[in-house]
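Q: First, the structure itself, so that you have it in front of you.
Residue numbers (this note's numbering): 1 to 319.
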């Protein structure tokens, strides 16, 4: 069986689509899956057991990237095509069955539930990541032993949805301090290239012997493999957060000007905490522009609120 899976160029959305890859793996264990995605999330799919090939989609003028993909996949008779991008490719390739994202999908559902609706699944399969042997070798070099490790993602791709570094620092001290849920744990800090400044502020607040520096050190797939060896993840709404949840790690997502009803971390050991104000309330002021914003919009979310979310969900997160 040959399956074409067209998914996102963004890490978070790509991870949230992996529930369908889980479904394929469980339903059609011998299927060969070709995955078309952006360059950024491509490493997250390298360990998928059913992987035949990854085709990188690099955006080009006049939608030439879709034409390039079409030329690569049109010679093949596909058994199933799954297209999260609602592209012309899925409409023109030969396939017995097609699942194409479009207006039939309820856009108010969580992204994982939207994915399930795409294939007509009654129960939404949780996102899942698989890792290559090489990714796990690197991961174990960062986290070699059985010590407790707290993973932290204190940055995001937009400053507006970045919780202040000081709040992460206080929460880390509470979690890893005497009597904390992760008392004595080491702390692994993660960030993408370009996000180093805020991440190092958090890392440098931690005693040197407890620091694990994963700031702009790896690709997203390897970063997720490292997170998979940690005991708990706390971070902003980001691809790292979704990767942690999909790797089966207990996760607290910290939300501000974004939409948790669509993007909250998904899984049995996840929860989220949100600013008292909604996205619209946070951005409803004169002069607001996402392109020119230079400060966080998450100052209203207190450390105490994060502590309460963790404490209220301690069985879900730590047992």
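Ideal Cβ placement from N, Cα and C applies to all residues, glycine included. Computed from a predicted model, the values in this text were never measured in an experiment.
Check whether the Cβ atoms of residue 256 and residue 275 sit closer than 8 Å, and answer yes or no.
A: Going by C-beta atoms, residue 256 is nearer than 8 Å to residue 275.
Q: Ordered along the chain, which non-local residues of its own chain (more than five positions away) have a Cβ less than 6 Å from that of residue 151?
A: Only 188, 227, 230, 233 meet the Cβ criterion.
Q: Restricting to Cα atoms, I'd like to know which of 163, 58, 125, 28 is closest to residue 298.
A: For the residues 163, 58, 125, 28, the minimum Cα distance to residue 298 belongs to 163.
Q: Mind checking whether residue 12 and residue 239 have CB atoms under 8 Å apart?
A: A contact, by the Cβ cut-off of 8 Å.
Q: Are residue 82 and residue 99 touching if we call contact CB-CB under 8 Å?
A: It is a contact, given that the beta carbons lie within the stated cut-off.
Q: Residues in the same chain with beta-carbon distance under 7 Å from residue 105, minus the five sequence neighbours each way, listed in chain order, please.
A: Excluding positions up to five away in sequence, the list reads 114, 117, 118.
Q: Report all residues from its chain with a CB closer than 7 Å to the CB of residue 121; omit the five preceding and five following residues, and keep chain order.
A: Once the five neighbours on either side are set aside, the close Cβ partners of residue 121 are 23.
Q: Just reading off the beta strand (DSSP E) that residue 270 is part of, what are its end residues?
A: Its beta strand (DSSP E) spans residues 270-274.
Q: Run the CB neighbour count on residue 137, radius 10 Å, all protein chains shown included, and call it buried at 16 or more, exposed below.
A: The residue is exposed, with fewer than 16 neighbouring Cβ atoms inside 10 Å.
Q: How long is the line joining the alpha carbons of residue 129 and residue 154, rounded to whole angstroms?
A: Distance between the alpha carbons of residue 129 and residue 154: 22 Å.
Q: Skipping 5 residues on each side, what residues in its chain have a beta carbon closer than 8 Å to that of residue 260?
A: 237, 253, 272, 274, listed in sequence order.
Q: Where does residue 2 fall in DSSP's three states?
A: Residue 2: strand per DSSP, three-state reduction.
Q: Indicate the three-state DSSP secondary structure (helix, strand or coil) for residue 114 in the structure shown.
A: In this structure, residue 114 counts as helix in the three-state DSSP scheme.
Q: Looking at the structure shown, is residue 146 part of a helix, part of a strand, or coil, going by DSSP?
A: Three-state result, residue 146: coil.
Q: Would you call residue 91 buried or exposed, if buried means 16 or more other Cβ atoms sit within 10 Å of its Cβ?
A: Residue 91 is exposed by the Cβ-count criterion.
Q: From 107, 133, 131, 36, pick the residue whose C-alpha is nearest to that of residue 87; which is it?
A: Comparing Cα-Cα distances from residue 87 to each of 107, 133, 131, 36, the minimum goes to 36.
Q: Consult DSSP for residue 230 and reduce its assignment to one of helix, strand or coil.
A: Coil, per DSSP.
Q: Are the CB atoms of residue 160 and residue 265 nearer to each other than 8 Å?
A: Cβ atoms of residue 160 and residue 265: not closer than 8 Å.
Q: Just the C-alpha distance for residue 47 and residue 244, rounded to the nearest angstrom, thanks.
A: Answer to the nearest angstrom: the Cα atoms are 16 Å apart.
Q: Express the C-alpha separation of residue 195 and residue 215 in angstroms, rounding to a whole number.
A: The alpha-carbon atoms of residue 215 and residue 195 are separated by roughly 8 Å.
Q: I'd like to confirm the pairing. Which residues does DSSP put opposite residue 95 in its beta bridges?
A: Bridge partners of residue 95: 78.
Q: What is the DSSP secondary structure of residue 86, reduced to helix, strand or coil?
A: In the structure shown, residue 86 sits in coil (DSSP, three-state: anything other than H, G, I, E or B).
Q: Pull up the distance between the alpha-carbon of residue 248 and that of residue 268, whole angstroms please.
A: Approximately 9 Å between the Cα atoms of the pair.
Q: Between the Cα of residue 328 and the Cα atoms of 224, 142, 270, which residue gives the shortest distance?
A: Absent from the structure is residue 328, since the part of the chain shown begins at 1 and ends at 319.
Q: For residue 236, which beta-bridge partners are listed by DSSP?
A: Per DSSP, 254.
Q: Does the beta-carbon of residue 288 have 16 or more other beta-carbons within 10 angstroms, so that it is buried, or is it exposed?
A: Looking at its Cβ environment, which holds fewer than 16 other Cβ atoms inside 10 Å, residue 288 is exposed.
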